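In what follows, a structure is listed as structure tokens, so that the remarks can point back to it.
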Amino acid sequence: QAHAQSSPSQLPLEQLTSDMSNAEVHNLLTKAVVVEGGLDGAQDDAPAEGVEVPVERLGVEVPAVPGDVGLCGNLRAQDVAALAGRYKAWIYLNSADNPDFHLKELEAAGVQVAVTPFPGPPTMPSDEQALGVLAALERLPRPLMMQCSTGMRVGAALLLWLAKHRGYTGESAQLLATDLDLKFWTKCTRCGPMREWLLAKLPAQDAPAAGPPREEGLVFRQFFDPETSTFTYVLGCAATQEAVLVDPVLEQKERDLATLKELGLQLKYVINTHAHADHITSGGSIRKDMPEVKTMISKASGANADIQIQEGDKVTFGNLALEVLATPGHTDGCLTYYLAGSPGMAFTGDALLIRGCGRTDFQQGDAGVLYDSVHGKIFTLPGGTLVYPGHDYKGRNMSTVDEEKRFNPRLTQSKEEFAKLMAELKLPYPKKIEDAVPANMVCGVQD
């Protein structure tokens, strides 16, 4: 069907991107595009303004994450000309002299172009080639199109950038590739070497993670306790050296204190997201050795600490501050700590896990309350907010608000379906519950 130039698929680029979220940009980039002659080339009855063609018919993917990057294989010149008006930049992963590269059409549309060769099997990209693609993805404006011959290598390059940009482990990257249905991961029988190459570039879950770079002067480390699958977080202000320790595990006390010393940080607060049932906090032990350190926990938890906090409070360390969000449901006293910035960071404890959530069958658990907490407090944060959970049991380390809103198999259901699912889990109790809960109820002030 023919459409005039006022068709929504032909809106000027500035109207496609101005004041829009990535999700809104994604919706527009996936609309049909007007192509001269349609799919089959010149047609006697084709109107001069062209024929509207679904972008999928051109072999174009626009993954929902990040939402503003398209992926494609070889295109005809008229396809490139039709798509160029939607993109500010174009990355080409073959050599510039490839006959399937239509530079003239891109230049005519004023698109910024980067040619960064990124070979595929049997030859894998060199470190220099990989860095070249990552650098192009960092510096070029959005929306952006990535092109190779088959549309496979572009998926690998995008996933590598997302993983490096956010600090994903290999398992987190695999999960995202599967959820996004990236073709090189889910449909390509010849891409095994490329998948293996990519995973070898990413850290394991138990490797200390420094997180993505931020402009706010944050010093950050993520640690993992393999016995309880618990994450602990060090956050410090680079300007003042003041720091907080989130959800520390007693058995890992020396590791955490050694890290603070190594980083030149002065611990100000030990804060817990809730009174844990699977491990004992090191807050009380640290306070005995370092009386200047104060412990914090939710007032609603009923647990003791030097400072009891609640919704709306701020935990300030140097020039930075964590905003306190009440996210009950796993327990009455669950808190999420949110650090605003680019990107924002949410430390969700057991309220929101990676593609899951905390159980609701003990410690005042309530599935309906948890559902409302996550949807009302965490899912309303900016989509790019990095989610740092209290635990993970499958080798993953982090996610984003947008990913969990789209792909969390529990929390994408209705509230009623979620409550039914949680009631049917029938999980065994944590091994340390009888010791952990009483100890954590006197968090930070044990005699």
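FYI, in the working numbering the residues of the sequence shown are 26 to 472.
All C-beta atoms, glycine included, are put in the ideal place defined by N, C-alpha and C.
All values derive from a computational prediction rather than experimental measurement.
So, are the CB atoms of residue i and residue j less than 8 Å apart?
i, j, result
"Val140", "Ala109", "no"
"Asn47", "Gly308", "no"
"Leu292", "Met321", "no"
"Ala106", "Glu130", "yes"
"Asp386", "Gly415", "no"
"Lys113", "Pro166", "yes"
"Leu187", "Pro91", "yes"
"Val179", "Leu83", "no"
"Cys262", "Phe372", "no"
"Arg239", "Ser326", "no"
"Leu364", "Met370", "yes"
"Trp290", "Gln266", "The question names Trp, but residue 290 is Leu in the sequence shown. Their beta carbons are under 8 Å apart, which means Leu290 touches Gln266 by this criterion."
"Pro79", "Ala57", "yes"
"Ala302", "Cys468", "no"
"Asp93", "His51", "yes"
"Leu200", "Arg380", "yes"
"Phe404", "Lys445", "no"
"Ala8", "Met171", "Summary: the structure shown does not reach residue 8, with the chain confined to residues 26 through 472, and so no result is reported for it."
"Glu351", "Gln333", "Note on identity: in this sequence residue 351 is Ala, with Glu being the wrong assignment. Against a cut-off of 8 Å, the Cβ pair of Gln333 and Ala351 comes out as no contact."
"Asp331", "Val349", "no"
"Phe245", "Phe256", "no"
"Glu77", "Val59", "yes"
"Val138", "Tyr117", "yes"
"Ile311", "Val340", "no"
"Ser174", "Gly75", "no"
According to the neighbour-count rule (16 or more other Cβ atoms, all chains shown, within 10 Å of its Cβ), is residue i buried or exposed?
i, result
"Thr437", "exposed"
"Tyr418", "exposed"
"Ser439", "exposed"
"Gly354", "buried"
"Arg435", "buried"
"Leu450", "exposed"
"Tyr362", "buried"
"Glu459", "exposed"
"Lys313", "exposed"
"Pro168", "buried"
"Gln388", "buried"
"Asp427", "buried"
"Lys456", "exposed"
"Pro463", "exposed"
"Ala461", "buried"
"Gly217", "exposed"
"Ser398", "buried"
"Asp250", "buried"
"Pro124", "exposed"
"Tyr454", "exposed"
"Thr487", "Outside the shown range of the chain, which is 26 to 472, sits residue 487, and nothing can be said about it."
"Asp506", "No information on residue 506 is available, as it lies outside the stretch 26 to 472 that the chain covers here."
"Leu227", "buried"
"Glu163", "exposed"
"Glu252", "exposed"
"Glu61", "buried"
"Ala121", "exposed"
Terminal residues of the continuous beta strand (DSSP E) containing residue i?
i, result
"Val58", "Val58 to Val60"
"Glu449", "Element bounds for Glu449: n/a, residue is neither H nor E."
"Lys339", "Lys339 to Phe342"
"Asp250", "Leu243 to Asp250"
"Gly308", "Element bounds for Gly308: not the beta strand (DSSP E) but the alpha helix (DSSP H), Gly308 to Asp314."
"Asp415", "One detail in the question is off: residue 415 reads as Gly in this sequence, not Asp. Where Gly415 is concerned, there is no enclosing beta strand (DSSP E), given that its DSSP letter is neither H nor E."
"Ile322", "Lys319 to Ser323"
Can you round the beta-carbon distance between residue i and residue j to whole angstroms, since I take them to be within the 8 Å contact cut?
i, j, result
"Arg215", "Pro142", "Rounded, the Cβ-Cβ distance is 19 Å, inconsistent with contact."
"Val269", "Tyr294", "5 Å"
"Leu411", "Glu241", "In fact, because the Cβ distance is near 13 Å, the residues do not count as touching under 8 Å."
"His299", "Thr356", "5 Å"
"Glu223", "Pro88", "According to the sequence displayed, residue 223 carries Leu and not Glu. Actually they do not touch by this definition, with Cβ atoms about 15 Å apart."
"Leu275", "Ile305", "4 Å"
"Asp204", "Phe432", "4 Å"
Which first and last residues belong to the alpha helix (DSSP H) in which residue i is found?
i, result
"Val426", "Val426 to Phe432"
"Lys208", "Lys208 to Thr211"
"Tyr396", "Ala392 to Ser398"
"Lys293", "Note, Lys293: premise wrong, no alpha helix (DSSP H); beta strand (DSSP E) at Gln291 to Ile296."
"Ser197", "Gly195 to Leu205"
"Ile458", "Ile458 to Asn465"
"Glu163", "Asp152 to Arg164"
"Gly217", "Gly217 to Ala225"
"Gly75", "Careful: Gly75 lies outside any alpha helix (DSSP H) and carries neither H nor E."
"Leu185", "Arg178 to Arg191"
Within the chosen definition, does the segment 195-204 reach the segment 232-251 through at least 3 CB pairs nearer than 8 Å?
-> Taking one beta carbon from each stretch, the segment 195-204 and the segment 232-251 have fewer than 3 pairs nearer than 8 Å; the two do not touch.
Inspect the CB distances between the segment 216-231 and the segment 279-287 and report whether three or more fall short of 8 Å.
-> Because the criterion of three Cβ pairs below 8 Å is not met, the segment 216-231 and the segment 279-287 do not touch.
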